[in-house]
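Q: Supplied in structure tokens, the structure appears directly below.
Residue numbers (my numbering), protein chains in the order written: chain A, 1 to 651; chain B, 1001 to 1651.
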């Protein structure tokens, strides 16, 4: 069995501690044996493999097992008539296939796996006693076997496995394909990593492609002398960049919905979130609601109350976060920027920066935790909605952390040359460093774990060091690799949070200070071309295969990008004022200034606050969604049969 | 038969010229006799009535006839599972009933009537010769009888009839119910006038209700002396008014979707337009598309090309309208405002105003016609979309016409007191005048027509003048009443255009000059309270029953209102500058001013231009909508049967 880890098809691995062979008896009470038998009974193909650091149970599933699981899960799948209906294995012809011809997407497959594995429960009428080595535990009735084994510490991990053939294929035509700067095999990425990661790379690719235009403009401004028109070039560049951003995001929305159509995800962008989140909140309440169905008015009142309470709660949480940022982080950032400006020796500056970095790191981590706690008392509907709420809150922290220093140099001290230096430094040094850290830390972790495991093995078996190189099979290597997690904690977000954050901070930097340093777009373009490959390599080589997520848009990040565009309009205007008024002669009356500030606040209210009050009352939405749900549940079977026959006719 | 026009149930009238009794022979060739027979064959209940001005054929329909017509029309109706399916008379239990318990809404009923009446075609294999008096005409095969009769001038008009019982009921508890200031029986209005008019009144009522808040604030500012805080009151009022408007429109959207839910119109606000318009454009192309279905790529390319061509065309048309306004109307308006300012004698001013009013009336009419022509070359999807396009274009004209004079006084000449005078004059005098004209012109027209008809009748029969008072039956009176048409032409819009225009101009006036004259909100409130009753009276008493329209939102007007809010932020800031800087001491550098202008233009681009590029590519939407349509067509029957049974179970 050793070395046989290269088969395709095994998609999930369960890790249990290794025992020495002599202790492994074939008595019926051994829980690992029991688990394997139960897995096989559930229709899964199981392969056990004793590796160096632990024992692995690799699990594959025939299509039919997955199909039955999907039907049990009441999974909704797109049919050929464009409606999502409950999956039914007997009417399989009615369901739209993936672009690569398979029935289930990776995300659906993983959900089925999880359902199958965690769905093994004790269906007998008695409690069973299972043992592992010398440990014994009671396996109670209707208890999930894997859940119990995780609870008592026997199952260490359950993680998705890479598919070696497709991984190598992607490595060749994506991560190591340096010839096409921004082209990526998005469909293959989708079918290997799922919607959310594919959407990230599609966005990154399109963003980089679009970046070429302002990069060329910026480069032209640096090289060409426009003579008497020089004064007009900068405002023209500013207008160009803002229009570019506006159109980019509009075209991104189009691209996103085109991608969703291609992948058979049948939601219009605007409807997507609404139905999806409502559905999940509805399923939790179905029992209660059935009783209440007779009394529509009571339900309506309840839903309305819930809606406003929820809004109030969210408003309060956001207020807390904003206050914390303004009262705690802002003074700290300004103090650092000021101290940095007035210290004279380089040594002190480095010392200061070190202290600052340490403190800010600590602060950010606390901020992330506080945000996660705050979000738990919000009544977010669905996981993706909670994740979006977290993204907004944490981005506030990073926004202040990243830009306050820049604003300090640019606006308070009118120090454009320092601003340019800091921008170059941030964009090149910090992003290169970040990429290095991003990729090297997982590798170092992995190497360390590997070294430890080898060391252990050598101790055990007394093998010669030369042989240890060939010791590791694929599944063992993957076990040692770190998983794709966010730096702020892995409860609500995965590693995409960090990748999007990097992108958003870069976008903010290049947009908000575009007029101060137009060449910055070139650096960003170069940076992003390497970023695509670096992220691809990270996902394919450095890390475990990430757990797929269902979200089909870039979600909260789109709003953040849009917000940055509005910010960019204001900051660039200020920058232009400082650039054209180098002697500081332009005066403004305090009255006029306060009216201008009021105008900006009101425009913010106009365009921002309408987001706070949802356009559709909760009860209307609940009503509509329940109707759709009823349609699905009641008529699924009949509809499916007719679609299957239709499908055959069309063929 | 005379005097029998008071029955309910007769909902449509067909008007043919009156002939003297002796000429009316019972030969088979008489086309009116033929029409009546054909109408009866179609299952309609027909009543002929010889009135004073013409002969009327009143038509009623039993529910079953309407149901069969709806099924023939392939009308989509909401079912109890929340999906719209093709109507089927046999599965009537599956469809959601109206709030008043009837199966069809007034709009659906009228569509069925129209289908039934115009659906009478010559199904024989030969051409028939029909005659009317001495005129003969050929009734060709597969030709619509009513269409032909309209073409040769025999059928003068087909119009919907008032329902006397319900009209009187509405008159009592709505139009003449002065005790409830803003409460209206919206559901009854909906079932009597259809969605669009009910939505207008719901909006007007809510707007008036919300107006109380700024009206009270404005009144308080007038009455109370805030002492040292006086300087801060005006900005506070400004912020309050803008926030008020933002929240009002957000809550209006909520109310609108709640209304739609109550009336069984199953569309989310955002999806409504998309699906609906696409559906209509799709049905026109179905044949062509079926052929093309095999070749998805070709279709995609075609749809993309069409989409961009369409956008370009619309862009060009808007550019033409905007240029025409700036180059032709703007100088004219400014010239008038300037001349008005410099003329000294009152007589000359009146003369000037008369010339101006004459010219502007002419200009507006030409503008409306040009817009209608421009819209015809646009590829608007659906009638409501064309109407929206017209509304935007014509509102541009009215906007400049109504506000440029005000801006001239307020901003160019800093003449706040003249501005206040003009505002009072416009709001009170012109709106009162407009209401009077609005209501008296139809009445005068009606009286004149009535007088003429009476005169004619007296001539014919030689009756004594005392008797003529009781001569008219309801249907004759309605025939003499004018119909509910827009002042800019009745092709795309009905009278709601004028009502909404009045509302939008009023809203713009009170919002954009709020700081100059806070008391204006009180006048607007009073105005609107009378406006509700005046419009109700107009619809119930002065005019014929309007042809119902399907649109379920206030459509283009919402965007216009939102635009006015943004304008209000900018104009009020300027007003505040002028109010606080009465000596004109505040100076602004030209550089700073140009940067500020650039900022405002960019903010406009950010928030306005994203409307130009649709979020979803046309081919994605076509794909999605076609799928839904297929679902409806293919599975309608089966689904309906199961819903009917479900329904019975739930009951």
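All residues carry an ideal CB built from backbone N, CA and C; glycine is no exception.
So if I threshold CB-CB distances at 7 Å, which residues from the stretch 1225–1246 of chain B count as touching chain A?
A: Flagged, chain order: 1235, 1239, 1242, 1243, 1246.
Q: Between the C-alpha atoms of residue 1288 (chain B) and residue 1300 (chain B), what's the straight-line distance to the nearest angstrom?
A: Taking the first residue of the second chain as position 1, residue 1288 (chain B) is located at position 288. Taking the first residue of the second chain as position 1, residue 1300 (chain B) is located at position 300. Because residue 1288 (chain B) carries a pLDDT of 45, less than 50, the predicted location of this residue cannot be relied on, and the following value inherits that uncertainty. Near 14 Å, if we compare the C-alpha coordinates of residue 1300 (chain B) and residue 1288 (chain B).
Q: Starting from residue 365 (chain A), follow the alpha helix (DSSP H) in both directions and report where the run begins and ends.
A: Counting from one through the first chain, the residue named residue 365 (chain A) turns up at place 365. It spans 346–377 - the alpha helix (DSSP H) in which residue 365 (chain A) sits, taken as one unbroken run.
Q: Beta-carbon of residue 1586 (chain B) versus every beta-carbon of chain A: anything under 8 Å?
A: Indexing the second chain from 1 puts residue 1586 (chain B) at position 586. Judged by the 8 Å Cβ criterion, residue 1586 (chain B) is in contact with chain A.
Q: Residue 550 (chain A) and residue 195 (chain A) look like a contact to me (Cβ under 8 Å); what is the Cβ gap, rounded to whole Å?
A: Working through the first chain from its first residue, we reach residue 550 (chain A) at position 550. Working through the first chain from its first residue, we reach residue 195 (chain A) at position 195. That pair is a contact at about 6 Å.
Q: Three-state secondary structure (DSSP) at residue 10 (chain A)?
A: Working through the first chain from its first residue, we reach residue 10 (chain A) at position 10. Residue 10 (chain A): coil per DSSP, three-state reduction.
Q: Can you name, in chain order, every residue of its own chain whose Cβ lies under 6 Å from the Cβ of residue 660 (chain A), other than the five neighbours on each side?
A: Residue coverage of chain A in this structure runs from 1 to 651, which leaves residue 660 (chain A) outside it and unanswerable.
Q: Closer than 9 Å by beta-carbon distance: list the chain B residues that pair up with residue 258 (chain A), in chain order.
A: As a first step, residue 258 (chain A) must be located in the first chain, where it is residue number 258. Ordered by position in chain B, the residues that pass the 9 Å Cβ test against residue 258 (chain A) are 1616, 1617, 1619, 1620.
Q: For the putative contact between residue 1333 (chain B) and residue 1400 (chain B), defined by C-beta atoms under 8 Å, what is the C-beta separation to the nearest angstrom?
A: Taking the first residue of the second chain as position 1, residue 1333 (chain B) is located at position 333. Taking the first residue of the second chain as position 1, residue 1400 (chain B) is located at position 400. Going by Cβ atoms, the distance from residue 1333 (chain B) to residue 1400 (chain B) rounds to 6 Å, so yes, they are a contact pair.
Q: Buried or exposed: which applies to residue 1200 (chain B), given that a residue is buried once 16 or more other Cβ atoms fall within 10 Å of its Cβ?
A: Indexing the second chain from 1 puts residue 1200 (chain B) at position 200. Per the 10 Å Cβ criterion, buried.
Q: Compute the Euclidean distance between the alpha carbons of residue 66 (chain A) and residue 147 (chain A), then round it to the nearest angstrom.
A: Residue numbering aside, residue 66 (chain A) sits at position 66 when the first chain is read from its first letter. Residue numbering aside, residue 147 (chain A) sits at position 147 when the first chain is read from its first letter. Using only the alpha carbons, I get a separation of about 20 Å.
Q: As an exercise, report each continuous beta strand (DSSP E) stretch of at least 3 residues that is fully enclosed by the stretch 1073–1111 of chain B, in chain order.
A: DSSP runs (the beta strand (DSSP E)) wholly in the stretch 1073–1111 of chain B: 1076–1078, 1084–1086.
Q: Taking buried to mean at least 16 other C-beta atoms within 10 Å of its own C-beta, is residue 321 (chain A) buried or exposed?
A: Working through the first chain from its first residue, we reach residue 321 (chain A) at position 321. By the neighbour-count rule (16 or more Cβ atoms within 10 Å), residue 321 (chain A) is buried.
Q: Starting from residue 253 (chain A), find everything on chain B with Cβ-Cβ shorter than 7 Å and list it in chain order.
A: Working through the first chain from its first residue, we reach residue 253 (chain A) at position 253. What residue 253 (chain A) touches in chain B: 1615.
Q: Does any C-beta atom of chain A lie closer than 8 Å to the C-beta of residue 1566 (chain B)?
A: As a position in the second chain, residue 1566 (chain B) is number 566, starting the count at 1. Yes, its Cβ sits closer than 8 Å to a Cβ of chain A.
Q: With a threshold of 8 Å, are at least 3 pairs of Cβ atoms found where one atom belongs to the stretch 501–519 of chain A and the other to the stretch 414–426 of chain A?
A: They touch, by the three-pair rule.
Q: Taking the straight line between their C-alpha atoms, what separation do you get for residue 1588 (chain B) and residue 588 (chain A)?
A: Here residue 1588 (chain B) refers to the residue found at position 588 of the second chain. Here residue 588 (chain A) refers to the residue found at position 588 of the first chain. If you take the alpha carbons of residue 1588 (chain B) and residue 588 (chain A), they lie about 7 Å apart.
Q: Verify the CB distance criterion: does residue 1250 (chain B) have a CB-CB separation below 8 Å to chain A?
A: Working through the second chain from its first residue, we reach residue 1250 (chain B) at position 250. Closer than 8 Å: yes.
Q: If you draw a straight line from the C-alpha of residue 565 (chain A) to the C-alpha of residue 1604 (chain B), how long is it?
A: Residue 565 (chain A) sits at position 565 when you count from the first residue of the first chain. Residue 1604 (chain B) sits at position 604 when you count from the first residue of the second chain. In a straight line, the C-alpha of residue 565 (chain A) is about 12 Å away from that of residue 1604 (chain B).
Q: Report the neighbours of residue 610 (chain A) on chain B: residues whose CB is nearer than 8 Å to its CB, in chain order.
A: The count along the first chain starts at 1 and reaches residue 610 (chain A) at position 610. Per Cβ cutoff of 8 Å: 1246, 1249, 1250.
Q: Which whole runs of the beta strand (DSSP E) in the stretch 1186–1263 of chain B are 3 residues long or more, in chain order?
A: Complete beta strand (DSSP E) runs here, min 3: none at all.
Q: Hey, residue 494 (chain A) and residue 546 (chain A): beta-carbon distance below 8 Å or not?
A: What you label residue 494 (chain A) is simply residue 494 of the first chain in a count that begins at 1. What you label residue 546 (chain A) is simply residue 546 of the first chain in a count that begins at 1. The answer is yes: Cβ separation under 8 Å.
Q: Starting from residue 130 (chain A), trace the beta strand (DSSP E) in both directions and tell me its first and last residue.
A: Your numbering for residue 130 (chain A) matches position 130 in the first chain. Here the beta strand (DSSP E) through residue 130 (chain A) covers 128–132.
Q: By the criterion of Cβ-Cβ separation under 9 Å, what are the contact partners of residue 652 (chain A) in chain B?
A: No information on residue 652 (chain A) is available, as it lies outside the stretch 1 to 651 that chain A covers here.
Q: Residue 1160 (chain B) bridges to which residues according to DSSP?
A: As a position in the second chain, residue 1160 (chain B) is number 160, starting the count at 1. For residue 1160 (chain B), which the question treats as bridged, DSSP gives the partners B:1012.
Q: Which first and last residues belong to the alpha helix (DSSP H) in which residue 1336 (chain B) is found?
A: As a working mapping, residue 1336 (chain B) is identified with position 336 in the second chain. Element bounds for residue 1336 (chain B): 1330–1342.
Q: Quick check on DSSP: helix, strand or coil for residue 18 (chain A)?
A: To locate residue 18 (chain A), count along the first chain from 1; it is residue 18. Note: residue 18 (chain A) maps to coil in three-state DSSP.
Q: CB-CB under 8 Å to residue 1533 (chain B), same chain, minus the five flanking residues each way: which ones, in chain order?
A: Here residue 1533 (chain B) corresponds to residue number 533 of the second chain, with the count starting at 1. Result list for residue 1533 (chain B): 1175, 1176, 1178, in chain order.
Q: For residue 1366 (chain B), does the count of other Cβ atoms within 10 angstroms reach 16, so buried, or fall short, so exposed?
A: Mapped onto the second chain, residue 1366 (chain B) falls at position 366. Classification for residue 1366 (chain B): exposed.
Q: Note down the Cα distance separating residue 63 (chain A) from residue 1298 (chain B), rounded to an integer number of angstroms.
A: On the first chain, position 63 is the one that residue 63 (chain A) refers to. On the second chain, position 298 is the one that residue 1298 (chain B) refers to. C-alpha separation (whole angstroms): 35 Å.
Q: In whole angstroms, what separates the C-alpha of residue 373 (chain A) from that of residue 445 (chain A)?
A: Within the first chain, residue 373 (chain A) is the residue found at index 373, counting from 1. Within the first chain, residue 445 (chain A) is the residue found at index 445, counting from 1. Their Cα atoms are separated by approximately 29 Å.
Q: Relative to the alpha-carbon of residue 120 (chain A), which residue among A:105, A:383, A:139 has its alpha-carbon at the smallest distance?
A: To locate residue 120 (chain A), count along the first chain from 1; it is residue 120. With distances taken between Cα atoms, residue 120 (chain A) lies closest to A:139.
Q: Run down chain B in chain order and give the residues with a C-beta less than 9 Å from the C-beta of residue 538 (chain A).
A: Residue 538 (chain A) sits at position 538 when you count from the first residue of the first chain. Result: empty, since nearest Cβ-Cβ is about 31 Å, beyond 9 Å.
Q: Whose C-beta lies closer than 6 Å to the C-beta of residue 1234 (chain B) among residues of the same chain, with five residues either side of it excluded?
A: As a position in the second chain, residue 1234 (chain B) is number 234, starting the count at 1. Once the five neighbours on either side are set aside, the close Cβ partners of residue 1234 (chain B) are 1515.
Q: Which residues in chain B have a C-beta closer than 7 Å to the C-beta of residue 577 (chain A)? List them in chain order.
A: Residue mapping note: residue 577 (chain A) aligns to position 577 of the first chain, counting from 1. Correct list: 1592, 1595.
Q: Can you tell me whether DSSP reads residue 1483 (chain B) as helix, strand or coil?
A: The sequence position of residue 1483 (chain B) within the second chain is 483, counting from 1. Residue 1483 (chain B) falls in the coil class under three-state DSSP.
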